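Student: Would you mind keeping the following structure in view while I ask a few things?
Residue numbers (mature numbering (1 follows the signal peptide of the UniProt record, and there is no 0)): -21 to -1, 1 to 853.
Following this line, the structure appears as structure tokens:
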């Protein structure tokens, strides 16, 4: 989330947790209660996993950890606590910031949203959303988008840019924030996330992969006066094969930060769930960076520290702007009285400082030059304080560079053509056009008139919430069409007007579907699409139907956050063409007309399935709603989400996952299957961990957190200092969480490096194929590789096909060819063995098939390769 909720609202939302996870300044030990699990269904468990594995054992981070060890060894207790703890809501230029350790050159670390660009600032680029990047199926383009986002964050002095998003993954089609991620498949999400992370971090910016984990609905994820946030209840295999998969790819890519989510997992709050943070993330996946809480997701001080949380944001306790905190001075107390081991604090600090070194932020990194709190040039430096010094808060640094080019390319190459009868598209620039729908035009209230995009007015460029960015401008479809056509009438309204259509007139109807984060309700939709469902907003379906009754040729353009129903009009004879333009950002119009008028052939493919109706989904992926008590959101559909469900249930959807047409045609041929590393049933033994940094274990003098002499404090600002440090050294018995211990756990056999056992990424097979443009127009093809695993051999149930790899060609002229190579790893052919706790594969790939085509549907497959038999036309 990162900072979208007003303080008074947060106070109400979080009060209910105070009873079970309260903090008392006079008795800080009481902030360690574990969340109750009384109502957790008996078939779901979250074993305790203590202590937190120390970071620094992976060779890719050894130099950064060595530098960090030298620094942390010389830090005072106050400096260590400063680095881990946020300074409070509205207490700095960024949406969140830590304290500093200026003796070592470490500034307050600035954390800022978000996944499609910098939130609440100026002179920035509003990039296409994650779902749009996913729809390109273009690794190079996704990487370039990541680089551009990173360059802009660095230019603004942001240390930690909070993106990309792989959770939610899209389990629930109505969920409010599925547009922030890349699509409803773990491999698509994971590959896109890795490319984005590597792009962002190539600039020195720390990327934050979020939200960890199972944050699949907006409503009830947090806590209100009558509701504890929902618990996502899941089995071990599903967790590994679907939801943990893209996080593993992000960790393997070297991501510096991961954000812990609001929701509970199997009854335990994410920010103090030792199994998911200590066990899965830090031990099995070998995560070397730091875990940061989502904003106000922390509800216990000692409990969250012991469970693996490394940084608390924004730093406040249950109610912001009261000067209360679960950490800061409370963490100082917990160290002095021994309730949090000094080793844990040292690891927390070392992870943060090592990440700072790993990304080279010790070398001439800029300080923040913007304010997320105001658009004024000058103002209070700490707006959350009653009395704050003032100064320059915005320097209006322009960081856009030439990023409009990459923004336009992503938006254009994501456009997905679903229907094109008799080659209606592309359009002639001389065609007589009538354009309908407010989605074609500007926001009637003005650019950025809705805070955090919390409205659906005009062209839909992105959803709403903390994952947005202010538009520096927007090229609307209306503007772009005007620039390409001199024979167009515009009816920028959602009510169909009285018009007379000539026989050769063409109608272009713009419709959309919006959603966003739960702290904003738009047209009775509280983030998730409760009222709107999966239908078009503002009577969009009716607008299409009425246009189809008047015009013999109708083109429908859709801007949408996710799956949208089309049954009211998709089969009408007049509806000749349908384009899904997803969420295009600032270059909405030009990217669309690039395709409408044929300068480029559409090359996007659906990153999710479009059904005929919602009844085709499993009932368990519907939105959950409950007035009293904690909601238990049981993932009873298990691995069968999106296309996996449709395949397993033998339901033919309206449009399958991966589907997308072109203005030309492509032929896949000359496929070969090459064997690489030998595939054994389980991976070889994991590498041993290297030594991690060690420090003195003696509790530091209490004087290290005494208020410095003559220190001029800011009211409500959160500090590590104590009024009476000596009083904090109590040794009374402490109620540690059930299962807490200090002896390290045995190294999990599935671990061994960032992302897991490095052997999981050995290439075991490679499919090479030739792609030829067999049509009359230049275009790009996407080759999608799906695996069919032998469920009987592996002893589990499986869908017929699962995406594991993809590649996109360059622009091929008619008759031209390009050879693509699709590597398949050990993990791609594995299932999670819940007994052995490792990845299990069919020996030598026996009975494995590889399907290569242009969607998951069998009729779109062109090549099938069988291990031991080779490849042939499907």
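No residue lacks a Cβ here, since even glycine has one placed at the ideal position from N, Cα and C.
Since the structure is predicted, the reported quantities are computational estimates derived from the model, not experimental observations.
#1: In three-state DSSP terms, what is residue 774?
#2: Measure the CB-CB distance between residue 227 and residue 734 and report whether it falls below 8 Å.
#3: List the endpoints of the continuous beta strand (DSSP E) containing residue 91.
#4: What did DSSP end up calling residue 10 once you bin it into helix, strand or coil?
#5: Give the DSSP-derived three-state secondary structure of residue 179 in the structure shown.
#6: Can you find at least 3 beta carbon pairs, one from the segment 526 to 542 and one from the segment 479 to 489, that sit closer than 8 Å?
#7: Helix, strand or coil for residue 82 per DSSP?
#8: In terms of residues, what are the limits of the alpha helix (DSSP H) holding residue 327?
#9: Starting from the Cα of residue 128, find the closest Cα among 283, 382, 324, 224 and give me that residue.
#10: Please report the distance separating the alpha-carbon of residue 553 from that of residue 464.
#11: Tell me the rounded alpha-carbon separation between residue 141 and residue 252.
#12: Given a threshold of 16 other Cβ atoms within 10 Å of its Cβ, counted over all protein chains shown, does residue 10 qualify as buried or as exposed?
#13: In or out: residue 25 buried (at least 16 other Cβ within 10 Å) or exposed?
#14: Going along the chain, which residues of its own chain have a beta-carbon closer than 8 Å to the beta-carbon of residue 603, five neighbours each way excluded?
#15: What residue does the alpha helix (DSSP H) around residue 649 start on, and which one ends it?
#16: Quick check on the burial criterion: 16 or more other C-beta atoms within 10 angstroms. Buried or exposed for residue 520?
#17: Starting from the Cα of residue 414, find the closest Cα among 517, 472, 220 and give me that residue.
#18: Compare the C-beta of residue 655 with all C-beta atoms of chain D and state if any pair is closer than 8 Å.
#19: With distance defined between alpha-carbon atoms, name the residue in 533, 829, 161, 599 nearest to residue 481.
#20: Our contact map puts residue 259 next to residue 285 with C-beta atoms below 8 Å; I'd like the distance itself, whole angstroms only.
#21: Buried or exposed: which applies to residue 721, given that a residue is buried once 16 or more other Cβ atoms fall within 10 Å of its Cβ?
#22: Is DSSP giving residue 851 helix, strand or coil here?
#23: DSSP three-state label for residue 489, please.
#24: Which residue's Cα is closest to the Cα of residue 647: 468, 850, 518, 825?
#25: Report back the beta-carbon spacing between residue 707 and residue 316 to the nearest angstrom; my notes put them in contact at under 8 Å.
#26: Do the segment 59 to 75 and the segment 744 to 754 make contact, defined as three or more Cβ pairs closer than 8 Å?
#27: Would you mind stating whether residue 590 and residue 542 have Cβ atoms separated by less than 8 Å?
#28: Going by the CB atoms, is the gap between residue 597 and residue 105 shorter than 8 Å?
#29: Report yes if the C-beta distance between residue 270 and residue 248 is below 8 Å; otherwise report no.
#30: If contacts are defined as beta-carbon pairs under 8 Å, then residue 827 and residue 767 qualify, I think. What distance do you get, rounded to the angstrom?
#31: Which residue comes first and which comes last in the beta strand (DSSP E) that contains residue 532?
#32: How should residue 783 be labelled, buried or exposed, when 16 other C-beta atoms within 10 angstroms of its C-beta is the threshold for buried?
#33: Where in the segment 709 to 771 do unbroken runs of the alpha helix (DSSP H), each at least 4 residues long, occur, reported from the N-terminal end onward?
#34: Taking the alpha-carbon positions, what's the residue 566 to residue 170 distance?
#35: Going by beta carbon distance, what residues of the same chain come within less than 6 Å of residue 702, once the five residues before and after it are set aside?
#36: Answer yes or no: do residue 153 and residue 512 have a C-beta to C-beta separation smaller than 8 Å?
Tutor: Per the coordinate set shown:
#1: coil
#2: yes
#3: 89 to 92
#4: The predicted model places residue 10 with a pLDDT of 34, which falls under 50 and marks its position as unreliable, so this point remains unresolved.
#5: helix
#6: yes
#7: helix
#8: 321 to 337
#9: Ranked by Cα distance from residue 128, the options 283, 382, 324, 224 are led by 382.
#10: 22 Å
#11: Each residue's alpha carbon lies about 21 Å from the other.
#12: Because residue 10 sits at a pLDDT of 34, beneath the cut-off of 50, its placement in the model cannot be relied upon, and the following sentence gives the value as read from the coordinates. Buried.
#13: buried
#14: 196, 198, 199, 209, 610, 612
#15: First-last for residue 649: 645 to 654, but that is the beta strand (DSSP E), not the alpha helix (DSSP H).
#16: Per the 10 Å Cβ criterion, buried.
#17: 472
#18: In the structure shown, chain D cannot be found, because there is only a single protein chain.
#19: 533
#20: Incorrect: roughly 16 Å between the Cβ atoms, too far for contact.
#21: exposed
#22: strand
#23: strand
#24: Nearest C-alpha to residue 647 among 468, 850, 518, 825: 850.
#25: Rounded, the Cβ-Cβ distance is 6 Å, consistent with contact.
#26: no
#27: yes
#28: No.
#29: Not a contact, by the Cβ cut-off of 8 Å.
#30: 7 Å
#31: 532 to 539 is the extent of the beta strand (DSSP E) around residue 532.
#32: Taking a 10 Å sphere around the C-beta of residue 783, we find 16 or more other C-beta atoms and assign the residue as buried.
#33: The qualifying runs do not exist here; there are none.
#34: Their backbone Cα atoms lie some 25 Å apart in a straight line.
#35: Short of 6 Å from the beta carbon of residue 702, and not among the five residues preceding or following it, lies no beta carbon of its own chain.
#36: yes
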